[in-house]
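One structure below.
Protein chains: 2
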Amino acid sequence: MTISSATALAHPNIAFIKYWGNRDDSLRLPQNGSISMNLAELSTRTMLTFDPSLPRDIFDLNGTRQSGESLHRVTNHLNIIRGLRGVSVHAHIMSENNFPADAGIASSASAFAALTLAAVSALGIEMSEKDLSRLARRGSGSACRSIPGGYVEWYRGNTDVDSFAVSFAEPGHWDLADCIAIVDIGQKKVGSSLGHTLAKSSPLQEARVLDADRRIDICKQAIRNRDFTALAEVIELDSNLLHAIMMTSHPPLYYWMPATLEIMYAVQSWRKTGTPVAFTVDAGPNVHVICESDSSKQVRQRLSKMPMVKDVIVTHPGGKARLV
Amino acid sequence: MTISSATALAHPNIAFIKYWGNRDDSLRLPQNGSISMNLAELSTRTMLTFDPSLPRDIFDLNGTRQSGESLHRVTNHLNIIRGLRGVSVHAHIMSENNFPADAGIASSASAFAALTLAAVSALGIEMSEKDLSRLARRGSGSACRSIPGGYVEWYRGNTDVDSFAVSFAEPGHWDLADCIAIVDIGQKKVGSSLGHTLAKSSPLQEARVLDADRRIDICKQAIRNRDFTALAEVIELDSNLLHAIMMTSHPPLYYWMPATLEIMYAVQSWRKTGTPVAFTVDAGPNVHVICESDSSKQVRQRLSKMPMVKDVIVTHPGGKARLV
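Read top to bottom, the protein sequences are chains A and B. The numbers in my numbering rise by one with no breaks, and the one at position 53 of the first sequence is 55. The numbers in my numbering rise by one with no breaks, and the one at position 21 of the second sequence is 23.
Written out as structure tokens, the structure reads:
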């Protein structure tokens with residue numbers, strides 16, 4: 003095999019209905035389906051070169067050579083993709099995020115979506131969006147949602163074959179904004195992969211999962227109808243359900259900081275006085291403040307005035323993973 | 003009937019395994035059993051006088067004449083007790099709390115325990131502790147736990163007859179302290195009685211209730227064995243389960259303030275460095291910091307140094323409701 007190369011770009015996504023806990027940790031088959039929106043202004047760009055002269059995979063992230071768990075996870079994922087072609091050639095991967103890693107903005111989603119698309123393309127494999135999504139899921143569950151564009155549903159499915167994500171509304175369908183209030187740019191205390199394995203230790207996880215299809219239906223309807231009031235209620239509920247599981251796991255996981263709670267309350271008070279705004283919090287302390295784009299300037303200003311907010315990143319609905 | 007009077011004193015209690023949600027709101031039959039400790043230094047003292055010349059009940063709380071819901075609830079409870087004797091004579095009730103009302107220290111528990119004992123006694127009714135506990139429960143669920151002394155279990159029961167509280171360890175069995183970190187002495191946003199009716203609107207409440215007997219067993223064993231490590235784990239889990247329900251109710255109830263979270267995290271970090279200390283939070287923002295009495299001086303000092311802590315009240319295991 004000769005040298006072959008491809009560069010792909012994918013956006014992270016913010017989950018409105020969250021993924022937490024796997025039925026199968028190795029295949030990353032989720033316990034419940036989920037809903038998300040891609041974030042246009044944020045992206046991971048990954049250039050991948052298969053090179054027969056390489057003795058092993060090389061992975062540079064934001065210019066820093068990776069080793070240990072970070073490299074291992076990429077190699078494992080490439081092994082699955084190489085297996086599709088029956089090749090064993092190693093790759094040099096150069097990946098750049100334009101946003102801070104591991105602070106509640108799911109960098110692993112855009113990273114494994116871009117890696118999957120770049121690797122598949124460099125190997126010359128023809129693959130449907132559905133199969134790309136399935137494959138990206140193996141690297142990081144939520145990466146399957148960063149393959150299609152806009153507003154996305156990840157079907158829980160029953161096996162590897164039917165657990166994948168599809169777009170149900172284009173980015174232009176509803177001009178929402180995600181104003182990400184950064185309160186801490188440090189590393190996560192506990193990464194999502196470990197967190198997912200703890201989900202089942204909460205006495206509440208089963209109930210959260212059993213209620214998920216109901217929330218998915220409400221959330222999809224709210225997006226289809228551009229009904230912000232309904233969206234606000236269901237995404238805040240779902241975010242609280244996620245953190246309820248985390249804080250009642252064994253051991254408990256705490257991602258909220260005092261500043262997180264302060265922003266959550268501010269958002270609710272702004273909504274009460276008429277601004278279409280709602281919060282959702284991932285596995286980190288930052289608050290994703292979702293609003294209609296008309297209000298994003300005002301929301302950004304209000305957030306920026308809060309002393310514990312270090313930065314506000316304003317993003318809009320993004321497209322699918324693509325070759326560049 | 004002539005004038006008759008009695009004065010009773012009862013302590014509030016801090017729940018280690020919490021009560022939230024009723025099977026029967028009118029009889030205050032709880033969805034799950036609970037465990038608590040009475041707080042010796044805090045009390046409600048209630049002097050009650052049945053006086054045939056009164057045209058209606060008069061209720062003075064901390065020197066202030068009550069009306070509306072506050073008076074209504076006392077009258078309703080007295081009506082149940084008057085019904086036991088078939089009398090309709092009205093009462094003058096003078097009640098004093100030596101602690102701030104409605105800030106997460108359950109004043110309704112000590113209030114209805116003291117009221118029940120005073121009223122029953124003034125009417126000359128002979129009643130077992132069990133029946134007093136059942137009766138106090140009708141006024142405020144957690145009041146049934148303030149009738150017996152020390153460490154108390156409230157049996158969920160199936161009907162009015164078998165839902166009552168008993169002591170399973172004397173106050174002297176284990177010298178714990180409850181260092182109450184006051185972060186807000188304002189009124190609760192939503193009172194417990196309304197909160198209980200919202201519990202079933204959380205998709206998680208059923209799972210919390212189903213797991214309650216397991217937590218009760220662990221908590222009782224931990225207290226019997228004076229096993230602080232086991233106690234810390236189960237009370238923090240149970241507290242988080244309570245707030246998980248509250249924050250996922252419809253509408254959601256938020257009692258934690260940013261300062262609440264800050265204290266919860268501080269407590270966990272102190273425990274990691276060897277201090278036997280754990281948190282529990284009721285339907286309010288204040289944090290009950292439970293520790294062994296040997297450590298209470300150090301814990302009080304540490305809490306007092308935190309800028310958002312307005313006051314620290316240190317309490318120890320208290321006795322049963324009694325006539326004074």
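Positions of the beta carbon are idealized from the N, C-alpha and C atoms, including for glycine.
- prompt: Between A:D27 and A:T199, which are expected to be in contact by the criterion C-beta below 8 Å, what is the C-beta distance as a whole number of angstroms?
  reply: Residue mapping note: residue 27 of chain A aligns to position 25 of the first sequence, counting from 1. Residue mapping note: residue 199 of chain A aligns to position 197 of the first sequence, counting from 1. That belief holds up - the Cβ atoms of A:D27 and A:T199 are roughly 6 Å apart, short of 8 Å.
query: When the cut-off is 8 Å and only beta carbons count, does A:R139 lie next to chain B?
result: Indexing the first sequence from 1 puts residue 139 of chain A at position 137. Taking Cβ atoms only, chain B never reaches closer than 8 Å to A:R139, which makes this a no.
- request: Check the Cβ-Cβ distances between A:R210 and every residue of chain B, and say whether any is below 8 Å.
  value: On the first sequence, residue 210 of chain A is found 208 positions in, with the first residue counted as 1. Yes, its Cβ sits closer than 8 Å to a Cβ of chain B.
message: Nearest by alpha-carbon distance to A:N34: which of A:R324, A:G159, A:A10 is it?
response: Within the first sequence, residue 34 of chain A is the residue found at index 32, counting from 1. Residue A:G159 is the option with its Cα nearest to A:N34.
field: For A:D26, the first and last residue of its enclosing beta strand (DSSP E)
entry: Position 24 of the first sequence, counting from 1, holds the residue named residue 26 of chain A. Residues 24 to 26.
message: Assuming A:R226 and A:A171 are in contact, meaning their beta carbons sit under 8 Å apart, how far apart are those beta carbons, in whole angstroms?
response: Residue 226 of chain A sits at position 224 when you count from the first residue of the first sequence. Residue 171 of chain A sits at position 169 when you count from the first residue of the first sequence. Right, the Cβ-Cβ distance comes to about 7 Å (below 8 Å), so this counts as a contact.
query: Exposed or buried, which one is B:P102 when buried takes at least 16 other CB atoms within 10 Å?
result: Along the second sequence, read from residue 1 onward, the residue named residue 102 of chain B stands at position 100. The residue in question, B:P102, is buried, as its Cβ has 16 or more Cβ neighbours within 10 Å.
task: Could you work out which residues of chain A lie near B:T275, taking near to mean beta carbons separated by less than 7 Å?
output: In the second sequence, counting from the first residue as 1, residue 275 of chain B sits at position 273. Simply none; closest approach about 17 Å.
- request: Assuming A:A116 and A:L11 form a contact by the criterion Cβ under 8 Å, report the distance between their Cβ atoms to the nearest whole angstrom.
  value: In the first sequence, the residue the question calls residue 116 of chain A occupies position 114. In the first sequence, the residue the question calls residue 11 of chain A occupies position 9. A:A116 to A:L11, Cβ: 6 Å. Contact.
- request: May I ask you to list, following chain order, the residues of the stretch 258 to 274 of chain A that have a beta carbon less than 9 Å from some beta carbon of chain B?
  value: W258, M259, P260, A261, T262, L263, E264, M266, Y267, Q270
message: For a cutoff of 8 Å on Cβ pairs, would you count B:M308 as touching chain A?
response: Position 306 of the second sequence, counted from the start, is the residue given in the question as residue 308 of chain B. False, the Cβ-Cβ gap to chain A never drops below 8 Å.
message: With a threshold of 8 Å between beta carbons, is A:T250 in contact with chain B?
response: The residue you call residue 250 of chain A lines up with position 248 of the first sequence. Closer than 8 Å: yes.
field: Any C-beta of chain A under 8 Å from that of B:Y256
entry: Here residue 256 of chain B corresponds to residue number 254 of the second sequence, with the count starting at 1. Answer yes: the Cβ-Cβ gap between B:Y256 and chain A drops below 8 Å somewhere.
- prompt: If you measure from the beta carbon of B:D330 to each beta carbon in chain A, is any gap under 8 Å?
  reply: Nothing can be reported for residue 330 of chain B, as the shown portion of chain B is limited to 3 through 326.
- prompt: Under 8 Å between the Cβ atoms of A:I83 and A:A121?
  reply: Looking up residue 83 of chain A in the first sequence gives position 81. Looking up residue 121 of chain A in the first sequence gives position 119. Yes. Within cutoff.
- request: Would you mind telling me which residues of chain B sit closer than 8 Å to A:P14, beta carbon to beta carbon, in chain order?
  value: Residue mapping note: residue 14 of chain A aligns to position 12 of the first sequence, counting from 1. Neighbours of A:P14 on chain B: none; closest Cβ ~26 Å, over 8 Å.
message: I'd like to know if B:L134 contacts chain A, where contact means its C-beta is closer than 8 Å to some C-beta of that chain.
response: Along the second sequence, one-based indexing puts residue 134 of chain B at 132. B:L134 does not count as touching chain A.
query: At what residues does the beta strand (DSSP E) containing B:T317 begin and finish?
result: Taking the first residue of the second sequence as position 1, residue 317 of chain B is located at position 315. Per DSSP, B:T317 belongs to the beta strand (DSSP E) from 313 to 317.
task: Let me know the secondary structure DSSP gives B:W176 once reduced to three states.
output: Counted from its first residue, the second sequence places residue 176 of chain B at position 174. If DSSP states are grouped into helix, strand and coil, B:W176 belongs with coil.
message: Buried or exposed, going by whether 16 or more other CB atoms sit within 10 Å of the CB of B:H92?
response: Along the second sequence, one-based indexing puts residue 92 of chain B at 90. Buried, by the Cβ-count rule.
task: Take the Cβ of B:K299 as the centre, count every other Cβ of all protein chains shown within 10 Å, and call the residue buried at 16 or more, exposed below.
output: Position 297 of the second sequence, counted from the start, is the residue given in the question as residue 299 of chain B. So B:K299 counts as exposed.
- prompt: By Cβ distance, which residues of its chain are closer than 7 Å to B:M259, with the 5 residues on each side in sequence left out?
  reply: The residue labelled residue 259 of chain B in the question sits at position 257 within the second sequence. Here the set comprises V185, D186, P287.
task: Give the single residue among A:S38, A:T231, A:S109 whose Cα lies nearest to the Cα of A:S45.
output: On the first sequence, position 43 is the one that residue 45 of chain A refers to. When only C-alpha atoms are compared, the closest one is A:S109.
message: Does chain A have any CB closer than 8 Å to the CB of B:A232?
response: For the purposes of this step, residue 232 of chain B is taken as residue 230 along the second sequence, with counting starting at 1. B:A232 does not count as touching chain A.
- request: Identify each residue in the stretch 173 to 206 of chain A for which the Cβ-Cβ distance to at least one residue of chain E is less than 7 Å, and report them in chain order.
  value: Chain labels in this structure do not include chain E; the protein chains are A and B.
- prompt: Measuring CA to CA, which of B:K132, B:T4, B:L196, B:L86 is closest to B:P1?
  reply: In the structure as shown, chain B begins at 3 and stops at 326. Residue 1 of chain B is therefore absent and cannot be evaluated.
- request: Give the straight-line distance between the Cα atoms of B:I182 and A:V279, rounded to the nearest whole angstrom.
  value: For the purposes of this step, residue 182 of chain B is identified with residue 180 of the second sequence, where counting begins at 1. For the purposes of this step, residue 279 of chain A is identified with residue 277 of the first sequence, where counting begins at 1. Whole-angstrom Cα-Cα distance: 35 Å.
- request: Say whether chain A places a C-beta atom closer than 8 Å to the C-beta of B:N34.
  value: Residue numbering aside, residue 34 of chain B sits at position 32 when the second sequence is read from its first letter. Closer than 8 Å: no.
message: Check whether chain B comes within 8 Å of A:N242, counting only Cβ atoms and requiring the distance to be less than that.
response: Position 240 of the first sequence, counting from 1, holds the residue named residue 242 of chain A. Yes, A:N242 lies at the interface with chain B (some Cβ there is under 8 Å from its Cβ).
Sequence-distant residues of its chain with Cβ nearer than 6 Å to A:T282 (five each side left out): Here residue 282 of chain A refers to the residue found at position 280 of the first sequence. If we look at A:T282 and ignore the five residues flanking it on each side, its Cβ neighbours are I237, S241, H290.
query: Closest Cβ-Cβ distance between A:L239 and chain B: below 8 Å?
result: The residue labelled residue 239 of chain A in the question sits at position 237 within the first sequence. Yes, A:L239 lies at the interface with chain B (some Cβ there is under 8 Å from its Cβ).
task: Consider the Cβ of B:A280: report whether some Cβ of chain A lies at a distance smaller than 8 Å.
output: Position 278 of the second sequence, counting from 1, holds the residue named residue 280 of chain B. Answer no: the Cβ-Cβ gap between B:A280 and chain A never drops below 8 Å.
message: Going by beta-carbon coordinates alone, are B:C221 and B:I16 separated by less than 8 Å?
response: Reading the second sequence from its first residue, position 219 is the one you call residue 221 of chain B. Reading the second sequence from its first residue, position 14 is the one you call residue 16 of chain B. Contact flag unset, no.
message: Check whether chain A comes within 8 Å of B:A171, counting only Cβ atoms and requiring the distance to be less than that.
response: Counting from one through the second sequence, the residue named residue 171 of chain B turns up at place 169. It does not; no Cβ of chain A falls within 8 Å.
- prompt: Considering only residues of the stretch 73 to 152 of chain B, which uninterrupted beta strand (DSSP E) runs meet the minimum length of 3 residues and lie entirely inside it, listed in chain order?
  reply: 93 to 99
field: Span separating the alpha-carbon of B:A124 from that of B:E131
entry: Along the second sequence, read from residue 1 onward, the residue named residue 124 of chain B stands at position 122. Along the second sequence, read from residue 1 onward, the residue named residue 131 of chain B stands at position 129. Spanning the two alpha carbons is a distance of roughly 16 Å.
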